[in-house]
Amino acid sequence: MHYTELDTPAFLIDKKIMEKNIEKMQRTAERNKVTLRPHTKTHKMSRLAEMQETAGAAGITVAKVGEAEVMASRGLNNIFIANEIVGEQKLARIRKLAESIDISFGIDSIPQVNEIESVFEGASEKAQVLVEIEVGEKRSGVIEEEYYRALLEALRQCRNVQFKGVFSHDGHTYKAETIEELRELFLEAAKRTLHFAGIASETGFEPETVSIGSTPPFILNFEVPRGVTEIRPGTYILMDAGQSNVIGSFERSAATVLTTVISKPTNERVITDVGAKGITMQTRTKGLTATEGLGLIKGFDGVHIDSVFDEHAIICNEVFSRRVEVGDKVRIIPNHICPVSNLHETAYLIEDDEVVEEIDIDCRGKLK
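Going by this note's numbering, the sequence shown opens with residue 4, and the numbers climb by one from there.
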(Lines of atoms letter the chains of each structure in order from A and count residues from 1; the text may use other names and numbers.)
(Lines give C-alpha, C1' and ligand atoms only; values in the text may rest on other atoms or scores of the structure.)
Protein backbone atom coordinates (compact mmCIF):
# COMPACT_ATOMS: atom_id res chain seq x y z
CA MET A 1 0.00 0.00 0.00
CA HIS A 2 1.26 3.49 -0.88
CA TYR A 3 1.55 5.63 2.24
CA THR A 4 -0.90 8.20 0.85
CA GLU A 5 -3.63 5.54 1.11
CA LEU A 6 -3.36 5.63 4.92
CA ASP A 7 -6.05 7.37 6.91
CA THR A 8 -4.79 10.48 8.66
CA PRO A 9 -3.23 11.65 10.86
CA ALA A 10 -0.61 8.89 10.52
CA PHE A 11 2.86 8.60 12.05
CA LEU A 12 5.33 7.61 9.30
CA ILE A 13 8.92 6.39 9.60
CA ASP A 14 11.16 6.08 6.56
CA LYS A 15 12.82 2.71 7.14
CA LYS A 16 15.96 3.29 5.07
CA ILE A 17 16.70 6.64 6.69
CA MET A 18 16.09 5.23 10.17
CA GLU A 19 18.37 2.26 9.55
CA LYS A 20 21.12 4.60 8.35
CA ASN A 21 20.69 6.70 11.49
CA ILE A 22 20.96 3.60 13.68
CA GLU A 23 24.06 2.38 11.85
CA LYS A 24 25.77 5.77 11.91
CA MET A 25 25.36 6.23 15.67
CA GLN A 26 26.54 2.68 16.32
CA ARG A 27 29.70 3.42 14.31
CA THR A 28 30.18 6.64 16.28
CA ALA A 29 30.10 4.69 19.55
CA GLU A 30 32.47 2.03 18.25
CA ARG A 31 34.90 4.62 16.88
CA ASN A 32 35.00 6.26 20.32
CA LYS A 33 35.31 2.88 22.08
CA VAL A 34 32.21 3.44 24.23
CA THR A 35 29.00 1.47 24.53
CA LEU A 36 25.78 2.82 23.07
CA ARG A 37 22.67 2.71 25.25
CA PRO A 38 20.07 4.62 23.19
CA HIS A 39 17.27 6.46 24.93
CA THR A 40 14.08 4.86 23.69
CA LYS A 41 11.76 7.60 24.99
CA THR A 42 12.21 9.07 21.52
CA HIS A 43 10.25 6.31 19.80
CA LYS A 44 8.66 4.31 22.66
CA MET A 45 8.64 1.12 20.56
CA SER A 46 10.15 -2.20 21.60
CA ARG A 47 10.42 -3.12 17.91
CA LEU A 48 12.79 -0.22 17.26
CA ALA A 49 14.70 -0.93 20.48
CA GLU A 50 15.27 -4.46 19.19
CA MET A 51 16.62 -3.03 15.94
CA GLN A 52 19.02 -0.81 17.89
CA GLU A 53 20.29 -3.75 19.93
CA THR A 54 20.63 -5.92 16.82
CA ALA A 55 22.84 -3.19 15.34
CA GLY A 56 25.11 -3.35 18.40
CA ALA A 57 23.61 -1.32 21.26
CA ALA A 58 24.64 -2.79 24.63
CA GLY A 59 21.23 -2.14 26.17
CA ILE A 60 18.59 0.56 26.23
CA THR A 61 17.63 3.62 28.23
CA VAL A 62 14.07 4.44 29.26
CA ALA A 63 12.50 7.30 31.21
CA LYS A 64 9.88 5.51 33.29
CA VAL A 65 9.35 2.22 35.11
CA GLY A 66 6.32 1.54 32.91
CA GLU A 67 8.49 1.74 29.81
CA ALA A 68 10.98 -0.65 31.39
CA GLU A 69 8.20 -3.14 32.14
CA VAL A 70 6.98 -3.11 28.54
CA MET A 71 10.48 -3.42 27.11
CA ALA A 72 11.29 -6.28 29.49
CA SER A 73 8.10 -8.11 28.52
CA ARG A 74 9.29 -7.96 24.91
CA GLY A 75 12.63 -9.60 25.72
CA LEU A 76 14.86 -6.56 26.23
CA ASN A 77 16.86 -7.43 29.33
CA ASN A 78 19.46 -4.69 29.89
CA ILE A 79 17.69 -1.48 30.85
CA PHE A 80 18.69 1.79 32.52
CA ILE A 81 16.00 4.16 33.77
CA ALA A 82 17.61 7.59 33.38
CA ASN A 83 15.49 9.18 36.06
CA GLU A 84 15.24 9.43 39.83
CA ILE A 85 12.81 6.74 40.96
CA VAL A 86 10.99 7.71 44.16
CA GLY A 87 8.12 6.00 45.96
CA GLU A 88 7.60 2.49 47.30
CA GLN A 89 5.22 1.49 44.51
CA LYS A 90 7.70 2.23 41.74
CA LEU A 91 10.66 0.77 43.62
CA ALA A 92 8.72 -2.44 44.27
CA ARG A 93 8.15 -2.76 40.53
CA ILE A 94 11.88 -2.34 39.89
CA ARG A 95 12.62 -4.94 42.57
CA LYS A 96 10.40 -7.38 40.67
CA LEU A 97 12.06 -6.54 37.33
CA ALA A 98 15.49 -7.09 38.89
CA GLU A 99 14.61 -10.74 39.46
CA SER A 100 14.69 -11.40 35.71
CA ILE A 101 16.63 -8.63 33.93
CA ASP A 102 19.64 -6.36 34.39
CA ILE A 103 18.05 -3.08 35.47
CA SER A 104 19.54 0.08 36.95
CA PHE A 105 18.18 3.53 37.70
CA GLY A 106 19.10 7.04 38.79
CA ILE A 107 19.46 8.63 42.20
CA ASP A 108 20.54 12.05 43.45
CA SER A 109 19.59 12.23 47.16
CA ILE A 110 20.16 10.52 50.49
CA PRO A 111 16.42 10.19 51.32
CA GLN A 112 16.02 8.33 48.05
CA VAL A 113 18.85 5.96 48.98
CA ASN A 114 17.25 5.26 52.35
CA GLU A 115 13.92 4.43 50.74
CA ILE A 116 15.56 2.10 48.21
CA GLU A 117 17.45 0.32 50.99
CA SER A 118 14.17 -0.31 52.78
CA VAL A 119 12.20 -1.51 49.74
CA PHE A 120 14.96 -3.88 48.62
CA GLU A 121 15.34 -5.51 52.05
CA GLY A 122 15.21 -9.27 51.48
CA ALA A 123 15.36 -8.96 47.68
CA SER A 124 17.20 -11.59 45.66
CA GLU A 125 19.12 -8.84 43.82
CA LYS A 126 20.53 -5.54 45.01
CA ALA A 127 19.26 -2.27 43.57
CA GLN A 128 21.72 -1.08 40.91
CA VAL A 129 21.97 2.72 40.96
CA LEU A 130 23.80 5.47 39.11
CA VAL A 131 24.15 8.93 40.63
CA GLU A 132 22.98 11.72 38.35
CA ILE A 133 25.33 14.69 38.10
CA GLU A 134 23.89 18.11 37.27
CA VAL A 135 26.04 19.51 34.45
CA GLY A 136 24.32 22.76 33.48
CA GLU A 137 20.84 21.78 32.35
CA LYS A 138 19.40 23.04 35.67
CA ARG A 139 17.25 20.00 36.18
CA SER A 140 17.83 17.06 38.55
CA GLY A 141 21.22 15.76 39.65
CA VAL A 142 23.84 16.31 42.36
CA ILE A 143 25.36 19.79 42.36
CA GLU A 144 27.63 20.09 45.40
CA GLU A 145 30.68 17.88 45.96
CA GLU A 146 30.13 17.86 49.72
CA TYR A 147 26.63 16.46 49.33
CA TYR A 148 27.88 13.94 46.78
CA ARG A 149 30.46 12.63 49.25
CA ALA A 150 27.74 12.31 51.89
CA LEU A 151 25.58 10.46 49.37
CA LEU A 152 28.42 8.06 48.63
CA GLU A 153 28.87 7.46 52.34
CA ALA A 154 25.15 6.67 52.64
CA LEU A 155 25.55 4.16 49.81
CA ARG A 156 28.53 2.61 51.58
CA GLN A 157 26.32 1.84 54.57
CA CYS A 158 23.71 0.07 52.44
CA ARG A 159 23.32 -3.71 52.23
CA ASN A 160 20.73 -3.65 49.46
CA VAL A 161 21.91 -0.87 47.15
CA GLN A 162 24.89 -1.10 44.81
CA PHE A 163 26.65 1.94 43.31
CA LYS A 164 27.16 1.31 39.60
CA GLY A 165 28.43 4.69 38.41
CA VAL A 166 27.42 8.19 37.38
CA PHE A 167 25.41 9.69 34.56
CA SER A 168 24.50 13.10 33.19
CA HIS A 169 22.40 14.74 30.50
CA ASP A 170 23.73 17.79 28.68
CA GLY A 171 20.34 18.95 27.39
CA HIS A 172 21.42 22.59 27.65
CA THR A 173 23.59 22.04 24.57
CA TYR A 174 20.34 22.36 22.56
CA LYS A 175 20.39 26.10 23.28
CA ALA A 176 23.94 26.69 22.04
CA GLU A 177 24.06 29.43 19.40
CA THR A 178 27.07 28.02 17.53
CA ILE A 179 28.70 24.65 17.02
CA GLU A 180 31.74 25.84 18.95
CA GLU A 181 29.58 26.84 21.90
CA LEU A 182 27.87 23.46 21.73
CA ARG A 183 31.25 21.73 21.75
CA GLU A 184 32.36 23.76 24.77
CA LEU A 185 29.18 22.98 26.72
CA PHE A 186 29.47 19.29 25.84
CA LEU A 187 33.09 19.06 26.97
CA GLU A 188 32.38 20.95 30.20
CA ALA A 189 29.50 18.58 30.98
CA ALA A 190 31.59 15.49 30.25
CA LYS A 191 34.49 16.85 32.31
CA ARG A 192 32.21 17.49 35.30
CA THR A 193 30.73 14.00 35.03
CA LEU A 194 34.23 12.49 34.93
CA HIS A 195 35.27 14.62 37.91
CA PHE A 196 32.48 13.17 40.03
CA ALA A 197 33.35 9.67 38.84
CA GLY A 198 36.89 10.39 40.02
CA ILE A 199 35.67 11.40 43.46
CA ALA A 200 33.88 8.05 43.74
CA SER A 201 37.10 6.25 42.83
CA GLU A 202 39.07 8.26 45.40
CA THR A 203 36.65 7.23 48.14
CA GLY A 204 36.87 3.51 47.43
CA PHE A 205 34.09 2.97 44.92
CA GLU A 206 34.56 1.52 41.47
CA PRO A 207 32.34 3.37 38.98
CA GLU A 208 31.70 0.75 36.33
CA THR A 209 29.68 3.18 34.21
CA VAL A 210 30.30 6.82 33.29
CA SER A 211 27.35 7.65 31.08
CA ILE A 212 26.69 10.87 29.17
CA GLY A 213 24.12 11.71 26.60
CA SER A 214 22.17 13.85 24.23
CA THR A 215 21.97 13.73 20.46
CA PRO A 216 23.65 16.97 19.18
CA PRO A 217 27.29 16.24 20.13
CA PHE A 218 27.21 12.84 18.46
CA ILE A 219 25.47 13.81 15.21
CA LEU A 220 28.21 16.44 14.98
CA ASN A 221 30.82 13.70 15.45
CA PHE A 222 32.43 15.23 18.54
CA GLU A 223 35.08 13.05 20.12
CA VAL A 224 34.00 11.42 23.38
CA PRO A 225 36.44 12.29 26.22
CA ARG A 226 38.53 9.46 27.62
CA GLY A 227 37.03 7.92 30.74
CA VAL A 228 33.46 8.05 29.50
CA THR A 229 32.19 4.48 29.06
CA GLU A 230 28.70 4.98 27.62
CA ILE A 231 26.62 7.38 25.52
CA ARG A 232 22.81 7.72 25.60
CA PRO A 233 21.55 9.72 22.59
CA GLY A 234 17.89 9.28 21.72
CA THR A 235 16.54 11.55 18.99
CA TYR A 236 19.15 10.48 16.42
CA ILE A 237 17.11 7.43 15.34
CA LEU A 238 14.19 9.50 13.97
CA MET A 239 15.48 13.09 14.10
CA ASP A 240 13.19 16.12 13.93
CA ALA A 241 13.23 19.74 12.76
CA GLY A 242 15.26 20.92 15.75
CA GLN A 243 18.00 18.30 15.45
CA SER A 244 18.08 18.67 11.67
CA ASN A 245 18.82 22.36 12.14
CA VAL A 246 21.92 21.39 14.14
CA ILE A 247 23.45 19.60 11.14
CA GLY A 248 21.94 21.95 8.56
CA SER A 249 20.15 19.18 6.68
CA PHE A 250 16.85 17.30 6.75
CA GLU A 251 18.20 14.22 4.98
CA ARG A 252 18.28 12.27 8.27
CA SER A 253 14.67 13.11 9.20
CA ALA A 254 13.02 9.70 9.26
CA ALA A 255 9.76 10.60 11.01
CA THR A 256 6.87 12.63 9.65
CA VAL A 257 3.17 12.98 10.39
CA LEU A 258 0.89 12.50 7.40
CA THR A 259 -2.08 14.87 7.42
CA THR A 260 -4.96 15.75 5.08
CA VAL A 261 -5.92 19.22 3.86
CA ILE A 262 -9.51 19.60 5.06
CA SER A 263 -10.23 23.28 4.40
CA LYS A 264 -9.01 26.34 2.46
CA PRO A 265 -11.18 29.12 3.85
CA THR A 266 -9.09 31.94 2.31
CA ASN A 267 -6.51 32.34 -0.45
CA GLU A 268 -3.80 32.10 2.18
CA ARG A 269 -5.06 29.86 4.98
CA VAL A 270 -4.85 26.05 4.76
CA ILE A 271 -6.25 23.76 7.46
CA THR A 272 -5.16 20.14 7.97
CA ASP A 273 -6.51 17.40 10.24
CA VAL A 274 -3.74 17.15 12.82
CA GLY A 275 -3.42 19.50 15.77
CA ALA A 276 -1.87 19.68 19.20
CA LYS A 277 -3.12 16.15 19.96
CA GLY A 278 -1.07 14.76 17.06
CA ILE A 279 2.01 16.96 16.70
CA THR A 280 2.09 18.91 20.03
CA MET A 281 2.52 22.67 20.37
CA GLN A 282 6.24 22.45 21.07
CA THR A 283 8.73 24.77 19.50
CA ARG A 284 12.34 25.60 20.22
CA THR A 285 13.09 29.30 20.45
CA LYS A 286 16.83 29.50 21.05
CA GLY A 287 20.07 28.17 19.65
CA LEU A 288 20.97 25.78 16.87
CA THR A 289 17.81 23.74 17.44
CA ALA A 290 15.52 26.78 17.11
CA THR A 291 12.55 26.18 14.83
CA GLU A 292 10.07 28.43 13.06
CA GLY A 293 6.44 27.61 13.59
CA LEU A 294 5.08 24.33 14.97
CA GLY A 295 6.35 21.91 12.34
CA LEU A 296 7.73 22.02 8.80
CA ILE A 297 5.84 20.85 5.72
CA LYS A 298 8.05 18.31 3.95
CA GLY A 299 8.70 19.14 0.30
CA PHE A 300 7.64 22.78 0.62
CA ASP A 301 10.62 25.02 1.38
CA GLY A 302 10.02 27.51 4.15
CA VAL A 303 6.43 26.44 4.80
CA HIS A 304 5.54 25.73 8.41
CA ILE A 305 2.52 25.36 10.68
CA ASP A 306 1.65 28.76 12.09
CA SER A 307 -0.69 27.61 14.86
CA VAL A 308 -2.68 24.62 16.06
CA PHE A 309 -5.96 23.86 17.75
CA ASP A 310 -6.60 20.47 19.34
CA GLU A 311 -7.40 18.83 15.99
CA HIS A 312 -6.41 21.43 13.39
CA ALA A 313 -3.14 22.74 11.98
CA ILE A 314 -3.22 26.26 10.52
CA ILE A 315 -0.81 27.01 7.68
CA CYS A 316 -0.80 30.59 6.40
CA ASN A 317 1.09 30.65 3.10
CA GLU A 318 -0.41 31.82 -0.18
CA VAL A 319 2.07 29.93 -2.37
CA PHE A 320 1.43 26.70 -0.47
CA SER A 321 -2.32 27.29 -0.68
CA ARG A 322 -2.14 27.50 -4.47
CA ARG A 323 -0.27 24.18 -4.64
CA VAL A 324 -2.64 22.06 -2.56
CA GLU A 325 -6.33 21.23 -2.72
CA VAL A 326 -8.82 19.93 -0.16
CA GLY A 327 -8.18 16.19 0.15
CA ASP A 328 -4.46 16.38 -0.59
CA LYS A 329 -2.09 14.82 1.94
CA VAL A 330 1.14 16.41 3.15
CA ARG A 331 3.84 15.36 5.61
CA ILE A 332 4.92 17.35 8.65
CA ILE A 333 8.40 17.18 10.17
CA PRO A 334 7.75 17.75 13.91
CA ASN A 335 9.84 20.24 15.86
CA HIS A 336 10.45 17.69 18.64
CA ILE A 337 9.77 14.05 17.85
CA CYS A 338 9.79 12.53 21.35
CA PRO A 339 6.38 13.76 22.57
CA VAL A 340 4.86 13.11 19.12
CA SER A 341 5.62 9.39 19.43
CA ASN A 342 3.61 9.36 22.64
CA LEU A 343 0.53 10.72 20.85
CA HIS A 344 0.06 7.93 18.30
CA GLU A 345 -0.92 4.28 18.71
CA THR A 346 0.76 3.00 15.55
CA ALA A 347 3.80 3.87 13.45
CA TYR A 348 3.99 2.94 9.78
CA LEU A 349 7.37 1.97 8.37
CA ILE A 350 7.62 3.04 4.75
CA GLU A 351 10.16 2.04 2.12
CA ASP A 352 10.14 3.60 -1.36
CA ASP A 353 6.81 5.19 -0.40
CA GLU A 354 5.20 1.80 0.34
CA VAL A 355 4.01 0.78 3.81
CA VAL A 356 6.09 -2.26 4.75
CA GLU A 357 5.27 -2.67 8.45
CA GLU A 358 2.84 -1.44 11.09
CA ILE A 359 4.42 -1.06 14.54
CA ASP A 360 2.59 -0.83 17.84
CA ILE A 361 3.88 2.10 19.90
CA ASP A 362 3.75 -0.14 22.93
CA CYS A 363 5.27 2.28 25.47
CA ARG A 364 2.79 5.00 24.58
CA GLY A 365 1.23 6.51 27.69
CA LYS A 366 3.59 4.73 30.09
CA LEU A 367 4.11 7.72 32.35
CA LYS A 368 4.43 6.00 35.74
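All residues carry an ideal CB built from backbone N, CA and C; glycine is no exception.
Since this is a predicted model, take the numbers as computed values, not measurements.
Based on Cα-Cα distance, which residue from the options lies nearest to residue i?
i	options	result
K99	E87, Q131 and S256	Q131
A153	P114, N163 and E191	P114
D10	I250, N24, V264 and T238	V264
V327	I300, P337 and A350	I300
G125	E156, C161, D111 and A60	C161
I63	S76, N80 and K19	N80
D309	D331, P220, P337 and E26	P337
P210	E233, E91 and H347	E233
E8	G298, Y351 and I364	Y351
I82	E56, I146 and S266	E56
M54	K36, Q29 and N35	Q29
E70	I97, V227 and T238	I97
Y239	A13, I20 and P12	I20
D331	I353, Q285, V311 and L261	L261
A60	M284, D355, P236 and K67	P236
G78	I106, Q285 and K369	I106
L346	R325, G302 and M284	M284
V329	L155, K267 and E205	K267
I146	A192, E102, A101 and L188	A192
Can you list, in chain order, the residues of its chain whose CB lies under 6 Å from that of residue i, leaving out five sequence neighbours each side?
i	result
F166	L158 and F208
K194	none
Q144	One point to set straight first is that residue 144 is Gly, not Gln, in the sequence displayed. Cβ neighbours of G144 beyond the five flanking positions: D111, E135, I136 and E137.
D365	S49 and V73
V322	none
R255	N24 and M242
I362	M48, R50 and A350
N35	V227
P220	F189
Would residue i be called buried (16 or more neighbouring beta carbons within 10 Å of its own) or exposed?
i	result
H198	exposed
Y150	exposed
H5	exposed
L241	buried
D243	buried
N24	buried
T212	buried
T181	exposed
D355	exposed
G168	buried
N270	exposed
S171	buried
Excluding five sequence neighbours on each side, which residues of the same chain lie with their C-beta closer than 8 Å to the C-beta of residue i?
i	result
L94	I88, E118, I119, V122, F123 and A130
G174	E140, R142 and S217
E357	M4, H5 and Y6
P302	First, the amino acid is wrong: residue 302 is Gly here, not Pro. If we look at G302 and ignore the five residues flanking it on each side, its Cβ neighbours are V333 and R334.
Report the partner residues of residue i according to the DSSP bridge assignment.
i	result
S214	F170 and E233
L15	T259 and Y351
S252	Per DSSP, none; premise fails for S252.
R334	L261
C319	R272
N345	Paired residue(s): none; N345 is not in a bridge.
S266	I274
H307	L299
Please work out which residues of its chain come closer than 7 Å, Cβ to Cβ, to residue i, disregarding the five sequence neighbours upstream and downstream, and give them in chain order.
i	result
K178	K289 and G290
T292	Y177, G245, Q246, N248 and V249
Would you check whether the ligand ATP has a heavy atom nearer than 7 Å to the C-beta of residue i?
i	result
Q285	Absence of the ligand ATP is noted for the structure shown, with no ligands found whatsoever.
Worksheet item: Counting Cβ pairs, one atom from each stretch, are 3 or more of them under 8 Å apart for the stretch 300-319 and the stretch 259-279?
Response: yes
Item to complete: Decide if the stretch 338-352 is in contact with the stretch 38-45; the criterion is three or more beta carbon pairs, one per stretch, under 8 Å apart.
Response: yes
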